[in-house]
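Here the protein sequences come in this chain order: F and X. Under this note's numbering, read the first sequence as residues 32 to 359, first letter to last. Under this note's numbering, read the second sequence as residues 8 to 284, first letter to last. We put the beta carbon where it would ideally sit given N, CA and C, even for glycine. What follows is a single structure, written as structure tokens, with notes after it.
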Amino acid sequence: MTRSSKIFKFVLKRLLQGIPIILAIVIINFFLLNLADGDAVDVLAGEAGSATPEYMAELRAKFGLDQPLPVQLMVYLKNVVMLDLGYSFRHDMPVSELIVDRFWPTALLMVSTIILAVGFGILLGLLAAMRLNTWKDAVITVFALITYATPLFWVGLMMIVVFSLNLGWFPTSGMENVAAFYEGWDRVKDIAVHLVLPTITLSLFYLALYTRMMRASMLEQYGQDYVITARAKGLTERRITFVHVLRNALLPVVTMAGVQVGALIGGSVIVESVFAWPGLGMLAFESLFARDLNLLLGIFLLSSALVIVVNLIVDIIYSLLDPRIEVS
Amino acid sequence: MRDFWNRYKRNRSAVFGLVVIFLVILMAATADLLYAFDPFRLAGKPLSSPGTNGFLLGSDSLGRDVAAGIVHGAKTSLLIGLVATLVAVFIGILFGALAGYYGGQIDNILMRVTEVFQTIPSFIFAILLVAILKPSIYSVVIAISVVSWPGVARLVRGEFLSLKNREFVQACHTLGMSDLRIMLREILPNCLSPIIVIGSLMIATAILIESGLSFLGLGDPNIMSWGFQIGAGRTMLRSAWWVCTFPGVAILITVLAINLVGEGLNDALNPRLRERN
Numbered sequence: 032m033t034r035s036s037k038i039f040k041f042v043l044k045r046l047l048q049g050i051p052i053i054l055a056i057v058i059i060n061f062f063l064l065n066l067a068d069g070d071a072v073d074v075l076a077g078e079a080g081s082a083t084p085e086y087m088a089e090l091r092a093k094f095g096l097d098q099p100l101p102v103q104l105m106v107y108l109k110n111v112v113m114l115d116l117g118y119s120f121r122h123d124m125p126v127s128e129l130i131v132d133r134f135w136p137t138a139l140l141m142v143s144t145i146i147l148a149v150g151f152g153i154l155l156g157l158l159a160a161m162r163l164n165t166w167k168d169a170v171i172t173v174f175a176l177i178t179y180a181t182p183l184f185w186v187g188l189m190m191i192v193v194f195s196l197n198l199g200w201f202p203t204s205g206m207e208n209v210a211a212f213y214e215g216w217d218r219v220k221d222i223a224v225h226l227v228l229p230t231i232t233l234s235l236f237y238l239a240l241y242t243r244m245m246r247a248s249m250l251e252q253y254g255q256d257y258v259i260t261a262r263a264k265g266l267t268e269r270r271i272t273f274v275h276v277l278r279n280a281l282l283p284v285v286t287m288a289g290v291q292v293g294a295l296i297g298g299s300v301i302v303e304s305v306f307a308w309p310g311l312g313m314l315a316f317e318s319l320f321a322r323d324l325n326l327l328l329g330i331f332l333l334s335s336a337l338v339i340v341v342n343l344i345v346d347i348i349y350s351l352l353d354p355r356i357e358v359s
Numbered sequence: 008m009r010d011f012w013n014r015y016k017r018n019r020s021a022v023f024g025l026v027v028i029f030l031v032i033l034m035a036a037t038a039d040l041l042y043a044f045d046p047f048r049l050a051g052k053p054l055s056s057p058g059t060n061g062f063l064l065g066s067d068s069l070g071r072d073v074a075a076g077i078v079h080g081a082k083t084s085l086l087i088g089l090v091a092t093l094v095a096v097f098i099g100i101l102f103g104a105l106a107g108y109y110g111g112q113i114d115n116i117l118m119r120v121t122e123v124f125q126t127i128p129s130f131i132f133a134i135l136l137v138a139i140l141k142p143s144i145y146s147v148v149i150a151i152s153v154v155s156w157p158g159v160a161r162l163v164r165g166e167f168l169s170l171k172n173r174e175f176v177q178a179c180h181t182l183g184m185s186d187l188r189i190m191l192r193e194i195l196p197n198c199l200s201p202i203i204v205i206g207s208l209m210i211a212t213a214i215l216i217e218s219g220l221s222f223l224g225l226g227d228p229n230i231m232s233w234g235f236q237i238g239a240g241r242t243m244l245r246s247a248w249w250v251c252t253f254p255g256v257a258i259l260i261t262v263l264a265i266n267l268v269g270e271g272l273n274d275a276l277n278p279r280l281r282e283r284n
């Protein structure tokens, strides 16, 4: 069997493994929805101002809310499969449409954070490992300890105080200057300027973590037998580092990055609400205040699915980096 | 015990962390003496900067004393961190012990459940739980423990797996001890050290989650907490930086100290694991 078809089978298998997890999360979702005070009809009646008990019963029958729980669960499952996540009465829009609208800003924030954290983390870790130096080492360790203990929202607020309010380098909030009606490259530049502070805030901790991991992992690989073999063959140190050691040292960092996607999504709720970044996190924050549970549950479901998908992607990258790892 | 303290002492930063935690606990315990009034009370002129109008760390937009809030908030953070961790460790031990000890189908099912809870993005799940259960100190504790237990379950399962076939456990079987007794009295005491280490680090995480929840307005509305102070002060960031800054420093120092102690405990309790980091 060729390698590509092997990878294809592996992806398919992993997708199938993800299904029970998604199913379990949907069921948790359903029970949480039922645990909450009041149902959609109560919300509707509340919105309308007045509703007779007869009318409410009629509405319940219409939405299937008078059915026994297992039946309701099946209906809910069917709806989720059809990508129907319910209706947000607050926004007067289907939840799925709202979520798709707000997905891209979050994706932009996450991707830039991952690039910054993983990219720079690998680079700094590489430098730290190549030039073994105790004080640099100590700086990285202390930096990691401090970022690990700092609440994200506080970092964001302090960034705003220093870089927006005092220095005036970056805007305090939002994704773009809507009033300026920028187009083309001007708009891209505008968004990029708005992106700087949220990205740095969200990535600081991971940057420290990956730098530390990358350094440890490089040092571990340098001690392996294959490095001695490579030296004996007469390869240059440069080639040993960049072709042989680097590739192996990347593995743990990539795994870790995959594990932390869930935490990153949680972090984006905080960062987005600090910087008023109009993504899913901000939407979740708004739906909290509006008590818009359908919407909150939809965001929750999507972010769980995202974690599963990213883990799959990480597994694929992993198998490409290290052919020894069996994909089948 | 002496031996343990000698090993712990070798890690200077861990001793420092212990001193800091001791001070924070002292601050929390004497909160009602230091600031013998409700921290929500209007205590003076709003938006006084630190050191003016009798405010050590300034006051917020409603004239609440920031320092009083920090002192009273210490109680909340420590209490929630500790209780939520205890509950999470309890659930984790329950799942991990049953899965590791019995193995087979029970292990399979319990680990599948753990996997689901590990996949769910924990902070969003915590938000959701508090939002649905209504914000209160109980729902915050429940939410934090529900999202924190899977790590403990995996750890305990691993320990039980490796211990259950040891000779001393087989000897217990031969003596006719019940499974429950073997699990609780024989195996569990042997895996306490890693549980203590992971538990101490979880307190730090729990305090961070609690501060995040109360920052978003999901804390108990009747209890002062650091996250709430920062959340309430964020709109005043331009004119009153101190309202947000000092409670954040309090969180940073406390969590840092707990992490240092956790690392120190790790070094002292598991000398063989020292090389890991």
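- For the segment 201-253 of chain X, the full-length alpha helix (DSSP H) segments reaching 4 residues or more read 233-240 along the chain.
- Taking CB atoms only, residue 129/X has a neighbour in chain F less than 8 Å away.
- Under the Cβ criterion of 8 Å, residue 184/F is counted among the residues facing chain X.
- In this structure, the CA atom of residue 168/X is about 37 Å from the CA atom of residue 169/F.
- Here residue 306/F is buried. Its C-beta has 16 or more other C-beta atoms within 10 Å.
- Each of 43/X, 222/X, 162/X and 203/X was checked against the Cα of residue 75/X, and the nearest Cα belongs to 43/X.
- Under the criterion of beta carbons closer than 8 Å, residue 121/F and residue 321/F qualify as touching, at roughly 4 Å.
- Shown here, residue 118/F sits in a strand according to DSSP, grouped into three states.
- Within the segment 195-223 of chain X, the residues whose Cβ lies closer than 8 Å to some Cβ of chain F are 211, 215, 218, 219, 222 and 223, listed in chain order.
- Contact annotation: in the segment 36-56 of chain F, residues whose CB is within less than 8 Å of a CB in chain X are 51, 52, 55 and 56.
- Proximity to residue 172/F across 118/F, 238/F and 194/F peaks at 238/F, based on C-alpha coordinates.
- Residues 328, 331 and 332 of the same chain have their beta carbon placed closer than 7 Å to that of residue 60/F, with the five preceding and five following residues left out of the count.
- DSSP places residue 161/X inside the alpha helix (DSSP H), whose first and last residues are 144-170.
- Rounded to whole angstroms, the separation of the alpha carbons of residue 131/F and residue 120/X is 29 Å.
- Separation of residue 77/X and residue 233/X (C-alpha to C-alpha, rounded to the nearest whole angstrom) is 6 Å.
- Interface annotation for the segment 153-183 of chain F against chain X: 176, 177, 179, 180, 181, 182 and 183, criterion Cβ-Cβ distance under 9 Å.
- Straight-line spacing of the CA atoms in residue 315/F and residue 184/F works out to 15 Å.
- Assignment of residue 51/F by DSSP, reduced to helix, strand and coil, places it in the helix class.
- Taking the beta carbon of residue 188/X as reference, no residue of chain F falls within 7 Å; the closest one sits roughly 33 Å away.
- The beta carbon of residue 293/F sits closer than 8 Å to some beta carbon of chain X.
- Comparing alpha-carbon positions, the option among 179/F, 216/F, 226/F and 257/F lying closest to residue 201/F turns out to be 226/F.
- The beta carbons of residue 141/F and residue 295/F sit closer together than 8 Å.
- Less than 8 Å divides the Cβ of residue 126/F from the Cβ of residue 118/F.
- When CB distances to chain X are screened at a threshold of 9 Å, the residues of the segment 316-333 of chain F falling below it are 316, 318, 319, 320, 322, 324, 327, 328, 330 and 331, in chain order.
- Shown in chain order are the members of the segment 229-251 of chain X whose Cβ falls below 9 Å from a Cβ of chain F: 233, 234, 237, 238, 240, 241, 244, 245, 248 and 251.
- Taking all protein chains shown into account, residue 248/X has 16 or more neighbouring C-beta atoms within 10 Å of its C-beta and is therefore buried.
- Boundaries of the alpha helix (DSSP H) harbouring residue 143/F: 126-145, taken from the DSSP string.
- Taken in chain order, the unbroken stretches of alpha helix (DSSP H) that lie wholly in the segment 36-106 of chain X and span 4 residues or more are 38-41.
- Straight-line spacing of the CA atoms in residue 145/F and residue 143/X works out to 35 Å.
- For residue 274/X, the secondary structure class from DSSP, reduced to helix, strand or coil, is helix.
- For the C-beta of residue 297/F, the chain X residues within less than 7 Å are, from N- to C-terminus, 128, 129, 130 and 131.
- Its chain contains 200, 203 and 204 as the residues whose beta carbon lies nearer than 7 Å to that of residue 276/X, once the 5 sequence neighbours on both sides are disregarded; these appear in chain order.
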